[in-house]
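Notes follow the structure.
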Amino acid sequence: MNKEIKEILNDYALGELLSCEKMISGYSNTNYKIDTSTGSYLYRICQRQSLDSIQYEMNLMQALKQISFPAAFPIQRKDKEYISLGNHHWVTIYEFIEGTQPKVTPKTVEEIALTTGQLSQFKNWRQLPRKNPISLDICHKLIKDFETSKYQYSNIFSYFIEQTEYLNSYLTQKIPKGMVHGDLFPDNTIFNGNKLTAVIDFEFSCPDYLLIDVGVAINGFCFLNNRLNRDLLIIFLENYSKIRRLTPKEIALLPYYIQWGGHGIISCHLEHNLLSQRSIKQLNRVNELMERVKILRQEEVIISRLIQDFARAQPHFP
349 MNKEIKEILN DYALGELLSC EKMISGYSNT NYKIDTSTGS YLYRICQRQS
399 LDSIQYEMNL MQALKQISFP AAFPIQRKDK EYISLGNHHW VTIYEFIEGT
449 QPKVTPKTVE EIALTTGQLS QFKNWRQLPR KNPISLDICH KLIKDFETSK
499 YQYSNIFSYF IEQTEYLNSY LTQKIPKGMV HGDLFPDNTI FNGNKLTAVI
549 DFEFSCPDYL LIDVGVAING FCFLNNRLNR DLLIIFLENY SKIRRLTPKE
599 IALLPYYIQW GGHGIISCHL EHNLLSQRSI KQLNRVNELM ERVKILRQEE
649 VIISRLIQDF ARAQPHFP
């Protein structure tokens, strides 16, 4: 790996490679912390993103940098580009931001809610169009592939078909749009103590309904032992509302978007690549999320009342 990194570094003004250390990898990328004569950086191998998708992410990151959004930003090459070709894969180099993956606490919920609200207020989202890579359309496409998939998961498939159909009428209603991150879970954030220092991994970002990010972030930061914690939910809503107030229609639809926050991630695991490759790690995550969504569905009326009560307590709520 050192040989490839040294060759790629020739295209950057980052000095000579001193050391590299493989980091815990997610589902999408392989990351290395590299130390050079000028500092520390994140060397990212993009395992499944297309070149167009990576370029979209680079363009978005530059736009977010202009508004001082808390993120780890990509480093320019000497030729002012951001993407390099490694050994049969695309490579990007980012700022390395010291910190840790947060624990779920009231303080970290406050931070992610405020940051989600800040992204929801990004004004130039119309200049960065693309389709959402995690969507109902993808769910319907996956369902068509179930019968012929290499691996069969009957319990998962039956759940997925029914839940997709259930959510369809709710998730297609028109509500406010903007830029969404799409994967606001703790492993895509960096904290220094209780303070959020950066959001990372924007590969699913796109313009779509803002309630998507609200639902996903609630899944990431408001669940304890796989159950929605009502106190943390209210803390999230209170702090998000400091930046952007939800509309009455969004308040009514939020329980379904919290379900989608889990269901959409299940679709991502099926697409990459559970239908063709068996992964115990991914299967365990899918089963955990599936159980979560089922409980959310059972408690839907209670959750809806809780959200409505919160909304009615806010000043000037219609």
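The numbering of the sequence shown is the numbering used here, which starts it at 349 and goes up by one.
Don't be surprised by glycine CBs; every beta carbon is placed ideally from N, CA and C.
Keep in mind it's a predicted model, so treat the numbers as computed, not measured.
DSSP three-state label for residue i, please.
i, result
"C616", "helix"
"S553", "coil"
"K629", "helix"
"A411", "helix"
"P422", "strand"
"A546", "strand"
"T463", "helix"
"G447", "coil"
"I431", "coil"
"R392", "strand"
"K525", "strand"
"E352", "helix"
"T453", "coil"
"N503", "helix"
"Y588", "helix"
"T512", "helix"
"N653", "As written in the sequence, residue 653 is Arg, which differs from the Asn given in the question. In this structure, R653 counts as helix in the three-state DSSP scheme."
"A659", "helix"
"Y604", "helix"
"L399", "helix"
"A361", "coil"
Excluding five sequence neighbours on each side, which residues of the same chain lie with their C-beta closer than 8 Å to the C-beta of residue i?
i, result
"L623", "L490, D493, F494, S497, K498 and Y499"
For residue i, which residues in the same chain have their Cβ closer than 6 Å to its Cβ, ignoring the five residues on either side in sequence?
i, result
"V457", "F569, L580, I583 and F584"
"I560", "V528"
"F505", "F494"
"K354", "L365"
"T463", "L544"
"E598", "I523 and L559"
"Y605", "L559 and G563"
According to DSSP, which residues form a beta bridge with residue i?
i, result
"S376", "For S376, which the question treats as bridged, DSSP gives no partner whatsoever."
"E369", "K381"
"G609", "BP columns for G609 are empty, so no partner."
"F571", "L576"
"F539", "T448 and L544"
"Y442", "L390 and P422"
Exposed or buried, which one is residue i when buried takes at least 16 other CB atoms within 10 Å?
i, result
"S468", "buried"
"E510", "exposed"
"R392", "buried"
"H436", "exposed"
"R640", "buried"
"L594", "buried"
"A661", "exposed"
"T520", "exposed"
"Q397", "buried"
"I356", "buried"
"P477", "exposed"
"S502", "exposed"
"A461", "buried"
"G387", "exposed"
"L667", "With the chain represented from 349 up to 666, any question about residue 667 goes unanswered, as that position is not in the structure."
"A361", "exposed"
"V439", "buried"
"I614", "buried"
"R575", "exposed"
"I415", "exposed"
So residue i packs on residue j, CB below 8 Å; how close in whole Å?
i, j, result
"I523", "L601", "7 Å"
"N567", "G526", "In fact, because the Cβ distance is near 19 Å, the residues do not count as touching under 8 Å."
"N542", "E459", "7 Å"
"I431", "Q403", "7 Å"
"E648", "P603", "5 Å"
Leaving aside the five residues before and after residue i along the sequence, list all residues of the same chain whose C-beta is less than 7 Å from its C-beta, in chain order.
i, result
"N540", "G447"
"P418", "T463, L544, T545, A546 and V547"
"E619", "I486 and L490"
"I445", "A420, I538, T545 and A546"
"C616", "I482"
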